[in-house]
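Below you'll find the structure, written out as structure tokens, and then a few comments.
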Amino acid sequence: MIWTVYLSGEIHTDWREQIQAGAEAAGLPVEFTAPVTNHEASDAAGDVLGKPDVPFWRDHQSSKVNSIRTKTMLEQCDLAVIRFGDKYKQWNAAFDAGYCAAMGTPYVTLHNDDIIHPLKEVDAAAMAWAQTPEQVVEVLKYVTSAK
1 MIWTVYLSGE IHTDWREQIQ AGAEAAGLPV EFTAPVTNHE ASDAAGDVLG
51 KPDVPFWRDH QSSKVNSIRT KTMLEQCDLA VIRFGDKYKQ WNAAFDAGYC
101 AAMGTPYVTL HNDDIIHPLK EVDAAAMAWA QTPEQVVEVL KYVTSAK
């Protein structure tokens, strides 16, 4: 079985590449999907439909266009990894975690211990909490290859 793993959340570090490289090096039967990680492109996703003058409506329109991809990929994944970074509050990642929880899709959170408290509900529904991309790779090794 090839597992589809959705990589959600923070876009300002190379955590996705670290997980992908680790999974490839281990020869794991996984394929990865992700949201659009180019911040400017994501913010402008709805501009093809006409750029609203009011910033709220531009964000609303782009969010809906982005959600076509996000919703589809979350519904099709076997497991999601939800990354919360240090620099920004990733409300979209929290939403993705809630969506996974509501669908019954297992997810692993990835974040440092200094934000345990604000993520207590998100972590409570997660199947695991990892602090490093290497730990995520170890979880993937176990769930995809353990006998």
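Positions 1 to 147 (the UniProt record's numbering) are the ones given, in order, by the sequence shown.
Where a beta carbon is used, it is the ideal one built from N, C-alpha and C, also for glycine.
Listed in chain order, the beta strand (DSSP E) runs fully inside the segment 34-113 are 79-83, 107-110, counting runs of at least 3 residues. As a beta-bridge residue in DSSP terms, glycine 9 pairs with Arg83.
The beta-carbon distance between methionine 127 and tyrosine 107, rounded to whole angstroms, is 7 Å. This is short enough to meet the 8 Å contact definition. Within its own chain, the residues whose Cβ lies closer than 7 Å to the Cβ of valine 122, once the five positions on either side in sequence are excluded, are Ala94, Ala97, Thr109, listed in chain order.
Per the coordinates, the alpha-carbon of isoleucine 2 lies some 44 Å from the alpha-carbon of valine 54. DSSP places alanine 23 in the helix class (H, G or I) of the three-state scheme. At a Cβ-Cβ threshold of 8 Å, threonine 4 and glutamine 76 count as neighbours. Taking all protein chains in view, the Cβ of glutamate 31 is surrounded by fewer than 16 other Cβ atoms within 10 Å, so the residue is classified as exposed.
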